[in-house]
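Residues 0 to 567, numbered by numbering that gives the first Met the number 0, are exactly what the sequence shown covers, in order.
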Amino acid sequence: MSNIGSYDERIKNFDWSIAEKELGYNNGNVLNIGWYCSDRICQLGKADKMALLWEDSTGREKRYTYNDIRLASNTIGTFLKDLGIGNEDRVCLFMDKIPELYLGFVGILKIGAIAQPLFSAFGDESLYVRLHDARTSAIITQRKHVGKVRKIIDKMPYLKHIIVVDHDGRKPLKEREIAFSLEEAEPVEHLEIFPTTAESASVLHYTSGTTGQPKGVKHVHYSLIAQYLSTRWVLDLQEDDIYWCTADPGWVTGTSYGIIGPWSVGATQCVQDAGFSAEAWYRFIEKRKVTVWYSAPTAIRSLMKAGEDLVRKFDLSSLRHLASVGEPLNAEAVVWSERVFGHPFLDTYWQTETGSIMLTNFPGMKIKPGSMGKPFPGIKATVVDAKTYEPITEPGRVGLIAFRPGWPSMMRAYWNNEATYQGKFKNGWYLSGDRSSIDRDGYFWFTGRDDDVINTGGHLVSPFEVESALLEHEAVAESAVVAKPDEVNMEVVKAFVALKPGFEPDADLELRIMNFIRKKLSPLAMPQEIEYVDSLPKTRSGKIMRRLLHAKEWGEEVGDTSTLEDDE
Ligand code: PRX
């Protein structure tokens with residue numbers, strides 16, 4: 000029996016107080032996600048239950064019970080507090096998927112500070128724009144990444160502490176750096192939890208938009224209500240499950256459903272700190288006896304590519320429930336997964352800004368492969384007309400996905416960017432920036448984004464960021480960056496470049512440009528291809544028409560370009 004039972008029954012008389020009651024939260028009282036993810040589970044009598052089964056690519060393993068999570072987060076929290084870090088200070092987590100990342104996240108929240116997780120593969124420039132925007136006070140990192148912080152430290156007087164969790168004493172620490180070893184630190188039995196309430200800031204995730212620098216999405220502790228309930232009802236985590244969320248906590252899936260969700264429901268989760276390999280993933284599922292698996296379409300398409308014969312080499316019979324997020328999950332992937340794993344991947348749709356799952360397929364619900372499913376109970380979702388922002392009532396007609404504001408995990412702000420935040424709301428709706436239709440049965444069908452952001456392998460890339468990096472190169476006069484179709488990643492980044500006079504469009508130059516921008520961009524944002532052009536198509540006001548280039552790449556009708564020229 001699934002946790003949700005009947006979807007139709009659940010949406011009748013739904014109220015978020017269901018989650019508040021289950022969590023024992025009374026409106027207005029202290030609400031601290033860190034406490035809910037550790038101390039509370041211990042208080043419920045599950046102190047010895049396994050919370051985290053961790054391993055890396057070399058097979059090194061670590062195990063943590065809920066009591067271990069409680070103690071470790073107390074210890075990290077106390078260390079930070081002793082450094083003078085406190086309420087609402089931003090603390091960046093800049094690490095691979097090592098235990099300190101997960102435990103540090105909980106510790107930061109316990110002392111009322113704001114956790115700012117960033118993907119450890121970010122280069123120094125990507126790191127800098129995000130730390131600078133947030134005026135981050137401290138960064139917790141590893142030896143292997145500290146060099147990137149050193150490169151930008153002089154530009155960041157507000158960054159007071161660089162905490163290195165694996166300092167081995169071989170090389171001396173530099174200015175503002177301090178070593179912390181979870182294994183050597185005295186475990187802290189008691190930490191006074193900072194009395195955060197529902198609206199206290201908790202997590203700051205950076206996400207890319209079409210224009211401008213990445214935006215810091217501010218979440219609050221009340222997000223727990225939706226993250227907890229959706230973990231129970233969509234991911235269906237139950238007492239004996241072994242859960243695997245493949246996402247990195249540098250992204251929202253890795254925090255909402257890679258830390259907060261599973262630990263607030265007291266589940267056992269496992270983490271593999273290793274790159275993708277179909278074989279290694281299957282081996283991990285077999286070894287850990289994973290029952291519930293939350294992953295992403297690009298990974299699933301890569302598994303499909305690796306073939307069914309590989310699947311048969313492993314015993315994957317422990318799997319009972321599979322879900323996916325981040326990009327369109329094509330119908331073939333749903334059908335394939337049902338055939339080879341015995342269970343279809345259920346598509347879920349949400350965003351950094353929404354904080355929790357908004358549209359989804361539930362266990363037990365009729366699945367229509369290729370559809371994102373239906374709104375989570377309590378979520379009022381629709382598609383609206385792009386001009387009037389009125390809900391579209393006609394089944395099958397495409398509009399902008401819109402949600403009625405007010406669900407618990409909705410972002411509360413873009414960090415220091417009120418105008419952009421306000422721009423997300425029209426006619427009383429929050430606009431997601433995606434397009435979809437809704438069929439007669441109320442299922443949502445994704446059709447695409449409503450902006451130029453590129454979704455490559457589930458990671459959002461701002462064309463503006465890539466274009467800006469290209470323009471800094473001495474040979475580049477103009478550039479336009481669009482998505483290009485790709486079998487596995489769905490979209491990859493393609494750059495069109497017009498050169499300044501005197502530069503030859505050859506392979507050597509392409510290599511030099513690539514090397515130049517590699518230092519500035521995250522590896523995920525790197526173009527797969529540079530195409531040299533004499534000039535780029537522009538609107539009358541001189542804005543580059545990315546949409547025209549995009550349409551050509553996708554073999555789509557360009558339509559009437561005179562309107563394109565006018566409209567931006
Ligand atoms: O365009 C949608 C796409 O990913 C965007 C959100 O990305 P991000 O904020 O990084 O969060 C990703 C993980 C929650 C959306 O605006 N997206 C997400 N899920 C789906 C999707 N596109 C199609 N189908 C989905 N299920």
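No residue lacks a Cβ here, since even glycine has one placed at the ideal position from N, Cα and C.
Remember, predicted model here, so these are calculated numbers, not experimental data.
query                                                                                                                                                                         : result
Cutting at 6 Å between CB atoms, please list the residues of its own chain near Phe-443, excluding the five before and the five after it.                                     : Leu-358, Met-371, Ser-435, Ile-437
For Ala-228, which residues in the same chain have their Cβ closer than 6 Å to its Cβ, ignoring the five residues on either side in sequence?                                 : The identity of residue 228 in the sequence shown is Leu, whereas the question assumes Ala. Same-chain partners within the cutoff: Ala-18.
Between Asp-384 and Lys-423, what straight-line distance do the alpha-carbon atoms span, to the nearest angstrom?                                                             : 15 Å
What residues are listed by DSSP as bridge partners for Cys-269?                                                                                                              : Leu-52, Trp-243
Reducing DSSP to helix, strand and coil, say where Val-557 ends up.                                                                                                           : coil
Does any heavy atom of ligand 1 sit closer than 7 Å to the C-beta of Ser-431?                                                                                                 : yes
Please determine whether the Cβ atom of Thr-252 lies at a distance below 7 Å from any heavy atom of ligand 1.                                                                 : yes
Quick one: is the Cβ of Thr-419 within less than 7 Å of any heavy atom of ligand 1?                                                                                           : no
Which term fits Met-544, buried or exposed, when burial requires 16 or more other beta carbons within 10 angstroms of its beta carbon?                                        : buried
Just curious, the beta strand (DSSP E) that Met-525 is in, first and last residue?                                                                                            : Counting along the chain, Met-525 falls outside any beta strand (DSSP E), and DSSP gives it neither H nor E.
Using the beta-carbon count (16 or more within 10 Å), is Pro-407 buried or exposed?                                                                                           : buried
Measuring alpha carbon to alpha carbon, tell me which of Leu-130, Gln-141, Ser-301 ends up nearest Ile-152.                                                                   : Leu-130
Just to check, is the beta-carbon of Met-364 closer than 7 Å to a non-hydrogen atom of ligand 3?                                                                              : Here the bound small molecules are ligand 1; ligand 3 is not part of this structure.
Tell whether a beta-carbon distance below 8 Å holds between Ile-84 and Ile-113.                                                                                               : no
Quick check on the burial criterion: 16 or more other C-beta atoms within 10 angstroms. Buried or exposed for Tyr-157?                                                        : exposed
Write down every uninterrupted run of the beta strand (DSSP E) in the region 116-191 whose length is 3 residues or greater and which is fully enclosed by it, in chain order. : 137-140, 160-163, 176-178
So what does DSSP say about Trp-262, is it helix, strand or coil?                                                                                                             : helix
Measuring straight from C-alpha to C-alpha, what distance separates Met-489 and Pro-261?                                                                                      : 29 Å
Let me make sure I understand the geometry here. Which of Leu-508, Met-94, Thr-135, Phe-78 has the alpha-carbon closest to that of His-189?                                   : Phe-78
Whole angstroms are fine: how far does the CA of Glu-278 sit from the CA of Lys-304?                                                                                          : 12 Å
Leaving out the 5 sequence neighbours to the left and right, which residues in its chain are closer than 7 Å to His-458 when beta-carbon positions are compared?              : Leu-523
Extract the residue ranges of the beta strand (DSSP E) inside the region 416-481, only unbroken runs of 3 or more that lie entirely within it.                                : 428-437, 443-448, 453-455, 458-460
With 16 other CB atoms within 10 Å as the buried threshold, where does Thr-590 fall?                                                                                          : This structure leaves residue 590 out entirely; the chain is present only between 0 and 567.
Can you have a look at Ala-418 and say buried or exposed, based on whether 16 or more other CB atoms are within 10 angstroms of its CB?                                       : exposed
Can you tell me whether Lys-214 is buried or exposed, with buried defined as 16 or more other CB within 10 angstroms of its CB?                                               : buried
Would you call the CB atoms of Gly-106 and Ile-138 closer than 8 Å?                                                                                                           : no
Taking 7 Å as the cut-off, is the CB of Pro-343 close to at least one heavy atom of ligand 1?                                                                                 : no
Give me whichever residues DSSP pairs with Ser-294 in a beta bridge.                                                                                                          : Ser-323
DSSP puts Phe-344 in a beta bridge; with which residues?                                                                                                                      : Leu-321
So, using beta-carbon positions, are Tyr-281 and Val-324 closer together than 8 Å?                                                                                            : no
Cutting at 6 Å between CB atoms, please list the residues of its own chain near Leu-302, excluding the five before and the five after it.                                     : Ala-277
Taking 7 Å as the cut-off, is the C-beta of Met-409 nearer than that to any heavy atom in ligand 1?                                                                           : no
In angstroms, rounded to a whole number, what distance separates the CA positions of Gly-253 and Cys-91?                                                                      : 15 Å
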